[in-house]
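Just add 486 to the spot in the sequence shown (first one is 1) and you have this note's numbering.
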Amino acid sequence: MTTLTEPVFRGQLLRRAYGSGNRTVYAVHNATATVWPGDRIAVTGASGSGKSTLLHLMAGLETPTSGNRSWPGLGRSPDRDPASIGVAFQAPSLLSPLNVVENVELPMLLKSVPAGEARERAFAALVDLHVDDLAGKLPEELSGGQAQRVVLARALVSRPALILADEPTGQLDHRTADEVLQVLLETATTYGTAVVVATHDREVAAKLDIEWIMAAGSLIVPRAQTHQ
Ligand SMILES: Nc1ncnc2c1ncn2[C@@H]1O[C@H](COP(=O)(O)OP(=O)(O)OP(=O)(O)O)[C@@H](O)[C@H]1O
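1. Residues in its own chain within less than 7 Å of Glu548 by CB, not counting five upstream and five downstream?
2. Give a yes or no on contact between the stretch 628-635 and the stretch 594-611, applying the rule of three or more CB pairs nearer than 8 Å.
3. Flag this pair as yes or no: are the beta carbons of Ala651 and Ala641 separated by less than 8 Å?
4. For the stretch 521-541 against the stretch 690-700, are there 3 or more C-beta pairs whose distance is under 8 Å?
5. Would you mind sorting Met487 into buried or exposed? The rule is 16 or more other CB atoms within 10 Å of its CB.
6. Indicate the three-state DSSP secondary structure (helix, strand or coil) for Glu492 in the structure shown.
7. Should Val511 be listed as close to ligand 1, given that the test is whether its C-beta is under 7 Å from any heavy atom?
8. Check whether the stretch 576-590 and the stretch 606-624 touch, using three or more Cβ-Cβ pairs below 8 Å as the test.
9. What's the C-alpha gap between Asp619 and Gly678?
10. Within its chain, find whatever has a CB closer than 6 Å to the CB of Ile571; leave out the 5 residues flanking it on each side and keep chain order.
11. Please go through the same chain and pick out, in chain order, the residues whose beta-carbon is closer than 6 Å to the beta-carbon of Arg526, but skip the five residues on each side of it.
12. Roughly how many angstroms lie between the CA atoms of Val586 and His686, to the nearest whole one?
13. Who are Leu650's beta bridge partners in DSSP?
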């Protein structure tokens, strides 16, 4: 039976290799870490150090070359229920035929939330992220920063147990970045959501409680997080 005291993610000696032979790159090398409900984690490190690959492994979107991972606190694997993890990744991920509000309500409809409630919650998330005026627009009509906020609204709206966000404020001005991070953290507090944010921005990292550092594929985490 699932209890609230189980981690939402556990990875042990996770590796992800690209290429083969002497061209093999270990984007992530022997990463071991645990995420507990409500954790607020920044993943920092230089460009190319493996932050995005780590988040993709944690989301179940990449298969590890070796190592084990599990999501005990989610009750089931994200392979079977994609809506239980909210993801906000760098690659354009909004569905192009759907407008903004339809994109944001989609994870809830997949979870069988009634359509009226899904629409209401989608609007509320857009209001929180100051993009409700864009509700009827198509993804191709959005700027990079607007799309980033819509993707974040979609990640938050189904109140997942775990949100993984890759540079969620990378295309935003300073003030908007602060507001967006605030919304993310408030939502996390309200719903006990664990948040893992990959970022280059020291100010963003300073607002989170725990720092994981990626260095050339190796993950350095606070000691307490490797032994639980
Ligand atoms: N699909 C892929 N095929 C081959 N190599 C890849 C692939 N994805 C990532 N890599 C390599 O793995 C390493 C880690 O990449 P990753 O995107 O995870 O780093 P990052 O820390 O997120 O970088 P950035 O901060 O620039 O987004 C890099 O050397 C990259 O070139």
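All C-beta atoms, glycine included, are put in the ideal place defined by N, C-alpha and C.
For clarity, every value in this text was computed on a predicted model and none was experimentally measured.
By the coordinates alone:
1. Taking the sequence shown and counting its residues from 1, the one referred to as residue 548 is at position 62. Beyond the five residues adjoining it in sequence on each side, Glu548 comes within less than 7 Å, by CB distance, of Arg502, Thr539 and His542 in the same chain, given in chain order.
2. no
3. Taking the first residue of the sequence shown as 1, we reach residue 651 at position 165. Taking the first residue of the sequence shown as 1, we reach residue 641 at position 155. Against a cut-off of 8 Å, the Cβ pair of Ala641 and Ala651 comes out as a contact.
4. yes
5. Counted from its first residue, the sequence shown places residue 487 at position 1. The predicted position of Met487 is uncertain, since its pLDDT is 47 and thus under 50; a value taken from the coordinates is nonetheless stated next. Label assigned to Met487: exposed.
6. The residue you call residue 492 lines up with position 6 of the sequence shown. The three-state reading of DSSP puts Glu492 in coil, since its state is none of H, G, I, E or B.
7. In the sequence shown, the residue the question calls residue 511 occupies position 25. Result yes, Cβ under 7 Å from ligand 1.
8. yes
9. As a working mapping, residue 619 is identified with position 133 in the sequence shown. As a working mapping, residue 678 is identified with position 192 in the sequence shown. Computed Cα separation, rounded: 29 Å.
10. As a working note, residue 571 is residue 85 in the sequence shown. Ala545, Pro564, Pro646 and Leu648, listed in sequence order.
11. Residue mapping note: residue 526 aligns to position 40 of the sequence shown, counting from 1. These residues qualify, in order along the chain: Val681, Leu694 and Asp695.
12. In the sequence shown, the residue the question calls residue 586 occupies position 100. In the sequence shown, the residue the question calls residue 686 occupies position 200. Using only the alpha carbons, I get a separation of about 27 Å.
13. Mapped onto the sequence shown, residue 650 falls at position 164. For Leu650, which the question treats as bridged, DSSP gives the partners Val573 and Val682.
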